[in-house]
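Everything in the sequence shown is counted per this note's numbering, starting at 49 for the first residue and increasing by one. The structure appears below as structure tokens.
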Amino acid sequence: MFTIDIIFFLWSKINANSIISNAMKSNYILDTFESLVREIKNIHFSLEQNNYNTFTESDFDNALCYSVTFQEDNGKINYVCSDAINNLHPCHVELQFQNHEVAKRYLKLIDSIISQLKIKSYTKEFNWQNTPNGIQLNIKVYPKVEKETQEIRFFNHCFHILKNETEVIENSIKAKVLKCKTSEQTTQYIQKNQHALHQFTSKLIKRINPNSVADLYTISNNFDRLDCLKLTFIFAEKILTLLESEYGSFLDQASRFPTIPF
């Protein structure tokens, strides 16, 4: 009986330590992100590697988005084109457009707009929208991919992990904030994750070593290791954007987003 009590006591201690360890681990929201970065770092593509064949290149939507606003002045149509933004960029908002009909005089301007934006003969989507400020044309340009490669399949693998994990993290943050009983608890929880995200994205920026801010969000047609790291940064920044937009008053204002050294 005494032996059984000792065994039970030891098992309880081991089990408790395991629970504490797992709880401490689960408190770090970027475990999956960190694991993926290690996977990206160590990936070696080969003909025998078939771990990522379950995804196809159409599973992720890598596109450049432009918006063109039109104004009529004395019968003349003027337009202004925005800079391109990758649809994976955290500041890009995916809108569901209803394609409105527009007069032919607007349609005749498309060739001129495409030429001005220097858009090549890639697949393009055009969506016309009537806004309070006038007519707006939204252009989505898909880069040409010759064939599905090992790199594309792995990029797809990363995309799905990051997309799913980002949703899990965002829902977890919202749920845990609701459980906080005081403002101090909320502040502590939000700032802990803010600092973790700042440290993580800072390490990614150093590893990526971009030439410019735009380069940090530019996914090439190679879909290589660097592109996977950029994708990871983009999704991490999406979580930071959530903290800033919904919990801005709880953030550590002295903690700044990592800067890009040029």
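Quick reminder that beta carbons are idealized off the backbone N, C-alpha and C, glycines included. Keep in mind that this is a model prediction, so the values were computed, not measured.
Under the DSSP definition of a beta bridge, D275 lacks any partner. Going by beta carbons, Y190 and E173 fall inside the 9 angstroms limit. Between I88 and T234, the alpha-carbon positions lie close to 34 angstroms from each other.
Scanning the region 182-229 from its first residue to its last, the whole beta strand (DSSP E) runs of 3-plus residues come out as 182-190.
Q242 sits in a helix when the DSSP states are folded into three classes. CA-CA distance, L165 to A111, rounds to 15 angstroms. Annotation for F118: no alpha helix (DSSP H) segment contains it, though the beta strand (DSSP E) segment containing it runs 112-121.
In this structure, T249 and A284 form a Cβ contact; the two beta carbons are roughly 5 angstroms apart against a cut-off of 8 angstroms. When DSSP states are grouped into helix, strand and coil, K254 belongs to the helix group. Cβ neighbours of N212 within its own chain (closer than 6 angstroms, five residues either side excluded): none. Taking the Cα positions, Q242 is about 37 angstroms away from L185.
Look at I77 here: in three-state DSSP terms it is coil, with no helix or strand label. Spanning the alpha carbons of A223 and N135 requires a straight line of approximately 28 angstroms. Inclusion of I238 and Y295 in the CB contact set at 9 angstroms is warranted, their separation being smaller than that value. By the neighbour-count criterion, in which 16 or more other beta carbons inside 10 Å mark a residue as buried, Y114 falls on the buried side. The three-state secondary structure of Q233, taken from DSSP, is helix.
Ranked by Cα distance from T117, the first of V128, K124, I221 is V128.
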